[in-house]
Amino acid sequence: QKEVEQDPGPLSVPEGAIVSLNCTYSNSAFQYFMWYRQYSRKGPELLMYTYSSGNKEDGRFTAQVDKSSKYISLFIRDSQPSDSATYLCAMNSNYQLIWGAGTKLIIKP
Amino acid sequence: DVKVTQSSRYLVKRTGEKVFLECVQDMDHENMFWYRQDPGLGLRLIYFSYDVKMKEKGDIPEGYSVSREKKERFSLILESASTNQTSMYLCASSLESRYQETQYFGPGTRLLVL
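Residue numbers (the working numbering), protein chains in the order written: chain V, 31 to 139; chain P, 11 to 124.
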């Protein structure tokens, strides 16, 4: 079993929809949880990070961590075609990140 | 803005060739990383370095070596390329070794080994 599980998709939704992207993990020692976005033919870039449980909001994006269920989510409101990308979750308890496989998201105009 | 550059965007090599992938960062970051990215497997850490001339094995170091002679430059070496090393290679850097530090990525090198 992988330490971090993430559905690779693709996930295709119409423009304006609310998108939910998720990861589950097995290591209860993870403390920092991150979402990276990767556009085609580019390297990943940090989108959001949270520490411990709870929600964090940044514009149309909300990151949610449920440590009791070992489950993290990224919500995108009012999705735009420019949000089409691969979204990778990452988490760690030391300086090494453990990555999900990434979910390919397609927003249809 | 942090900039991480990689020497090539695309490379085609033959089995058995020695391959050098170079990465340069311009923000005086302490840590540098080499990953490979394969569909369905996400990013897997090959090697990382937390200081000049220092290196640590990641999860999949077999068949690879690295060199960090200067702080800004981190090279990945495939001593004898094999077809199973066909992949996207991503270099990253981060300021410090604290666990929440953001990693900044280069654009990647897509390597095809024939």
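Heads up, the beta-carbon is just placed ideally off N, CA and C, and yes, glycines get one too.
So which of V95(V), D108(V), Q126(V) and S58(V) has the shortest CA-CA distance to P139(V)?
The shortest C-alpha separation from P139(V) is found at D108(V).
Hey, how far is the Cα of R83(P) from the Cα of M98(P)?
Roughly 19 angstroms between the two C-alpha positions.
In chain order, what residues of the same chain have a beta carbon less than 7 angstroms from the beta carbon of Y117(V), not counting five sequence neighbours either side?
Cβ neighbours of Y117(V) within its own chain (closer than 7 angstroms, five residues either side excluded): L51, W65, R67, L104, G132, T133 and L135.
Classify I48(V): buried if its beta carbon has 16 or more other beta carbons within 10 angstroms, exposed otherwise.
Exposed.
K80(P) versus Y60(P): straight-line alpha-carbon distance, rounded
So the two alpha carbons sit approximately 12 angstroms from each other.
W129(V) CB to nearest chain P CB: under 8 angstroms?
Interface criterion met: the Cβ of W129(V) is under 8 angstroms from a Cβ in chain P.
For Q110(V), which residues of its own chain have a beta-carbon under 7 angstroms away from its beta-carbon, when the five flanking residues on both sides are left out?
Apart from the 5 residues on each side of it in sequence, Q110(V) sits with its Cβ closer than 7 angstroms to the Cβ of E45 and I137 in its chain, given in chain order.
Residue environment, G52(P), which counts as buried when at least 16 other CB atoms sit within 10 Å:
With 16 or more Cβ atoms within 10 Å of its Cβ, G52(P) is classed as buried.
Got a sec, what are the start and stop residues for the beta strand (DSSP E) R90(V) sits in?
The continuous stretches of beta strand (DSSP E) do not include R90(V), and DSSP gives it neither H nor E.
Against chain V, does L51(P) count as a neighbour if the rule is that its beta carbon must be under 8 angstroms from one of theirs?
Judged by the 8 angstroms Cβ criterion, L51(P) is in contact with chain V.
Can a CB atom of chain P be found closer than 8 angstroms to the CB of Q94(V)?
For Q94(V), the answer is no, since every Cβ of chain P falls outside 8 angstroms of its Cβ.
Output, in sequence order along the chain, the residues in the region 52 to 85 of chain P whose CB is closer than 7 angstroms to any CB in chain V.
Going along the region 52 to 85 of chain P in chain order, one finds G52, L53 and L55 with a Cβ nearer than 7 angstroms to chain V.
Quick check on DSSP: helix, strand or coil for P44(V)?
Note: P44(V) maps to strand in three-state DSSP.
May I ask you to list, following chain order, the residues of the region 69 to 82 of chain V that have a beta carbon less than 9 angstroms from some beta carbon of chain P?
Residues are counted here when their Cβ sits less than 9 angstroms from a Cβ of chain P; for the region 69 to 82 of chain V these are R71, K72, G73, P74, E75, L76, Y79 and Y81, given in chain order.
My output table needs one value for S112(V): the three-state DSSP class, helix, strand or coil.
S112(V) sits in a helix when the DSSP states are folded into three classes.
Spatial neighbours of L55(P) in its chain, beta-carbon cut-off 6 angstroms, leaving aside the 5 residues before and after
Y45, G68 and D69.
Can you check whether the C-beta of L121(P) is within less than 8 angstroms of a C-beta belonging to chain V?
Chain V, which has no Cβ nearer than 8 angstroms to the Cβ of L121(P), makes this no.
So, is N122(V) buried or exposed, given that buried needs 16 or more other C-beta atoms within 10 angstroms?
The residue in question, N122(V), is buried, as its Cβ has 16 or more Cβ neighbours within 10 Å.
Quick one: what does DSSP say Q36(V) is sitting in, helix, strand or coil?
Q36(V): coil per DSSP, three-state reduction.
By a C-beta neighbour count over all protein chains shown, 10 Å radius and 16 as the cutoff for buried, is N41(P) buried or exposed?
Taking all protein chains shown into account, N41(P) has 16 or more neighbouring C-beta atoms within 10 Å of its C-beta and is therefore buried.
Uninterrupted beta strand (DSSP E) stretches inside the region 18 to 43 of chain P (no shorter than 3 residues):
Taking only runs of at least 3 residues, the beta strand (DSSP E) segments lying wholly in the region 18 to 43 of chain P are 20 to 23 and 29 to 35.
For C53(V), which residues in the same chain have their Cβ closer than 7 angstroms to its Cβ, ignoring the five residues on either side in sequence?
Excluding residues within five positions, the ones whose Cβ falls inside 7 angstroms are V34, E35, Q36, I102, C119 and G130.
Report yes or no: is there a C-beta of chain V within less than 8 angstroms of the C-beta of T112(P)?
At least one chain V Cβ lies under 8 angstroms of T112(P).
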